[in-house]
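Comments concern the structure below.
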Amino acid sequence: MVLVLLALLLILADLNWPRMRDARSYLSLAVTPLQWLADVPGRVADDLSDLLVDRSTLLKENEQLKSEQLLLERRVQQVAALTAENIRLRELLEGKRRVQDEVMLAELIGVNPDPFLHQVLLNRGTEDGAFVGQAVLDAGGVSGQVIATTHYTSRVMLITDARHAIPVEINRNGFRAIALGKGTYEEIELEHVPDTADVREGDLLITSGLGGRFPRGYPVAVVTGVLRDPGKPFSMVTAKPTARLDKSRHLLLVKTPPSQRAEVAGTVSGAGDE
Amino acid sequence: MSEARPGGFLIIFGTFLVGLVLSQLPLPDTFEWGRPEWVPMILIYWVLALPHRVGLGMAWMFGLALDLLKGSPLGLNALSLTLIAFLTLLIHQRLRMFPLWKQALMVMVLVGINQLTFHWMQAIAGNARDSFMFMLPSLVSALLWPWVFVLLRSIRRTFRVT
Numbered sequence: 002m003v004l005v006l007l008a009l010l011l012i013l014a015d016l017n018w019p020r021m022r023d024a025r026s027y028l029s030l031a032v033t034p035l036q037w038l039a040d041v042p043g044r045v046a047d048d049l050s051d052l053l054v055d056r057s058t059l060l061k062e063n064e065q066l067k068s069e070q071l072l073l074e075r076r077v078q079q080v081a082a083l084t085a086e087n088i089r090l091r092e093l094l095e096g097k098r099r100v101q102d103e104v105m106l107a108e109l110i111g112v113n114p115d116p117f118l119h120q121v122l123l124n125r126g127t128e129d130g131a132f133v134g135q136a137v138l139d140a141g142g143v144s145g146q147v148i149a150t151t152h153y154t155s156r157v158m159l160i161t162d163a164r165h166a167i168p169v170e171i172n173r174n175g176f177r178a179i180a181l182g183k184g185t186y187e188e189i190e191l192e193h194v195p196d197t198a199d200v201r202e203g204d205l206l207i208t209s210g211l212g213g214r215f216p217r218g219y220p221v222a223v224v225t226g227v228l229r230d231p232g233k234p235f236s237m238v239t240a241k242p243t244a245r246l247d248k249s250r251h252l253l254l255v256k257t258p259p260s261q262r263a264e265v266a267g268t269v270s271g272a273g274d275e
Numbered sequence: 006m007s008e009a010r011p012g013g014f015l016i017i018f019g020t021f022l023v024g025l026v027l028s029q030l031p032l033p034d035t036f037e038w039g040r041p042e043w044v045p046m047i048l049i050y051w052v053l054a055l056p057h058r059v060g061l062g063m064a065w066m067f068g069l070a071l072d073l074l075k076g077s078p079l080g081l082n083a084l085s086l087t088l089i090a091f092l093t094l095l096i097h098q099r100l101r102m103f104p105l106w107k108q109a110l111m112v113m114v115l116v117g118i119n120q121l122t123f124h125w126m127q128a129i130a131g132n133a134r135d136s137f138m139f140m141l142p143s144l145v146s147a148l149l150w151p152w153v154f155v156l157l158r159s160i161r162r163t164f165r166v167t
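So the sequences go chain by chain: G and A.
Heads up, the first sequence is in our numbering, so the first residue is 2 and it goes up one at a time.
Heads up, the second sequence is in our numbering, so the first residue is 6 and it goes up one at a time.
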């Protein structure tokens, strides 16, 4: 009975006392090896399939990657010019310059076994500079944010988790909304979109940067359905995340903390070019 | 108890560690809901076989480890595992006499209680659950029980853990 009481106390403390976070991260050191261990079979399977792949497949893949790289490089050439132009225009308008976000590569080492939660575990912790509230991206767009850290791992809540919300705007016209996770990997939902709002199927939703947690301008989702029901106060807008949430193994942690982002943006208007 | 070897503890500890790792192993989406609850099953076995060595304390400790692994509020699994360890202790003498399939039924009930406590407390903690699919693991665990039982028993006999 003492144990039950102890457990109850611990639950209460963990829920209501922020300093339990530190205790938790120290305790987690003990189970971190187990988390690594659980990842080993998948890793070995990956390595094996790398070993066993035949030459022609590799050559084909290599060729495909090369052509992809060429296409991307062409796009980057323009990006440099566009960035410079953007900075010039913003300076003309005496606006604040946007900072290039620095990122850190992280690898997925685990998925939360609880099917109600969309959480993954990354192999970067406080030792590497991860922090709670950090935005997480993958090749396709925003995947989520860090909600807990230990010394060597961090837990990420994906944008499709039923408890997650992310401020977005429509790339086409700047209409702002909040996208909520629904607990399925395929879909997120825009909340409180008036019937008169200009939302169309196929619109790209990007982070609006409001709220200060996610950096501005990263793709989040593509609108897949707009349902305007006259009987309901708001229209139902569903979207499909652009990040490959249940597939990508390599993720990016945005290094610039939200506070610094604002700060740099605030002081940069007079400073010279980097 | 008198002939308990020092190695016996390591064996018990080891099986629990394996259970913890298994509970973290990634599964394909289709099986995600039916993930067997390894740690409760292993706990039930040891409490059943060696009630004088594995009890509430051990249940609590490994529950805490499970919480750390799952990222659930600390103490949640500790609570539910202590609870089923207690229930198993209460009925372990009867449970030992049961044939395997009857034991499996009891395991289903016990793991079910574990699941209910865990998810109920999670809901109180603010992680809302919107389907009863979380009871599926208790069925899967029951189906796996005969194999787990036989495997753990042979481990116990090979290493003469008493």
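Where a beta carbon is used, it is the ideal one built from N, C-alpha and C, also for glycine.
Counting along the chain, GLY43 of chain G sits inside the alpha helix (DSSP H) bounded by residues 21-53. Identification of chain G residues near VAL59 of chain A by a Cβ-Cβ cut-off of 7 Å yields none; the smallest Cβ-Cβ distance measures about 14 Å. For MET126 of chain A, the chain G residues whose C-beta falls within less than 8 Å of its own C-beta are ILE12, listed in chain order. At the C-beta level, TRP65 of chain A and VAL59 of chain A stay beyond 8 Å of one another. At a C-beta separation below 9 Å, GLY80 of chain A has these neighbours in chain G: LEU7, ALA8, LEU9, LEU10, LEU11, ILE12, LEU13, ALA14, ASP15. By the criterion of a C-beta distance shorter than 7 Å, LEU110 of chain A is surrounded in its chain by ALA147, once the five residues flanking it on both sides are discounted. Looking at the DSSP output, GLN70 of chain G bridges to nothing.
With fewer than 16 other Cβ atoms inside 10 Å of its own Cβ, LYS61 of chain G counts as exposed.
SER77 of chain A has its alpha-carbon roughly 29 Å from the corresponding atom of GLY210 of chain G. Residues of the segment 17-44 of chain A that bring their beta carbon within less than 9 Å of a beta carbon in chain G comprise LEU22, LEU25, VAL26, LEU27, SER28, GLN29, LEU30, PRO31, LEU32, ASP34, GLU37, TRP38, ARG40, in sequence order.
Rounded to the nearest whole angstrom, the C-alpha separation of VAL32 of chain G and VAL26 of chain A is 10 Å. With a cutoff of 8 Å on beta-carbon distance, VAL41 of chain G and VAL143 of chain G are scored as not near each other. When the beta-carbon positions are compared, SER68 of chain G and ASP139 of chain G stay at least 8 Å from each other.
HIS57 of chain A counts as exposed, since fewer than 16 other beta carbons sit within 10 angstroms of its beta carbon. Three or more pairs of CB atoms, one per stretch, sit closer than 8 Å, so the segment 111-123 of chain G contacts the segment 72-91 of chain A. The alpha-carbon separation between LEU9 of chain G and THR122 of chain A amounts to approximately 12 Å. Our two residues, ARG56 of chain G and GLY141 of chain G, have alpha carbons roughly 29 Å apart in a direct line. Interface residue (Cβ-Cβ distance to chain A less than 8 Å): SER29 of chain G is classified as such. From the beta-carbon of GLY111 of chain G, the residues of chain A found nearer than 8 Å are GLN29, PRO31. Legend: CB atoms of the segment 226-239 of chain G lying less than 7 Å from CB atoms of chain A are not found in any residue. Shown here for ASN113 of chain G: same chain residues with a beta carbon closer than 6 Å to its own, the five before and five after excluded, namely GLN120 in chain order.
GLY111 of chain G is bridged by DSSP to G:LEU122. Chain A places no beta carbon closer than 8 Å to that of GLN146 of chain G, leaving this residue out of the contacts. In the three-state DSSP reduction, ILE17 of chain A falls in the helix class (H, G or I). Taking a Cβ-Cβ cut-off of 7 Å, LEU94 of chain A has no neighbours in chain G, whose nearest Cβ is about 12 Å from it. Contact of LEU84 of chain A with chain G is assigned, a C-beta pair being separated by under 8 Å.
The beta carbon of LEU123 of chain G does not come within 8 Å of any beta carbon belonging to chain A, so the residue lies off that interface. With a threshold of 8 Å between beta carbons, ASN119 of chain A makes no contact with chain G. In the DSSP assignment, LYS107 of chain A falls within the alpha helix (DSSP H) that extends over 105-129.
Taking C-beta atoms as the reference points, ASP199 of chain G and ASN172 of chain G fail to come closer than 8 Å. Straight-line measurement puts the Cα of SER50 of chain G at about 40 Å from the Cα of ARG165 of chain A.
Neighbours of LEU74 of chain A across chain G, judged by C-beta separation under 8 Å: VAL32, LEU35, GLN36. LEU73 of chain A sits close to SER29 of chain G, with the two beta carbons spaced by under 8 Å.
Within chain A, no residue has its beta carbon less than 8 Å from that of LEU254 of chain G; the closest one is some 18 Å off. Taking C-alpha positions only, GLY13 of chain A is separated from THR167 of chain A by approximately 7 Å. A distance below 6 Å between beta-carbons, with the five flanking residues on each side excluded, links GLY218 of chain G to the following residues of its chain, in chain order: ILE207.
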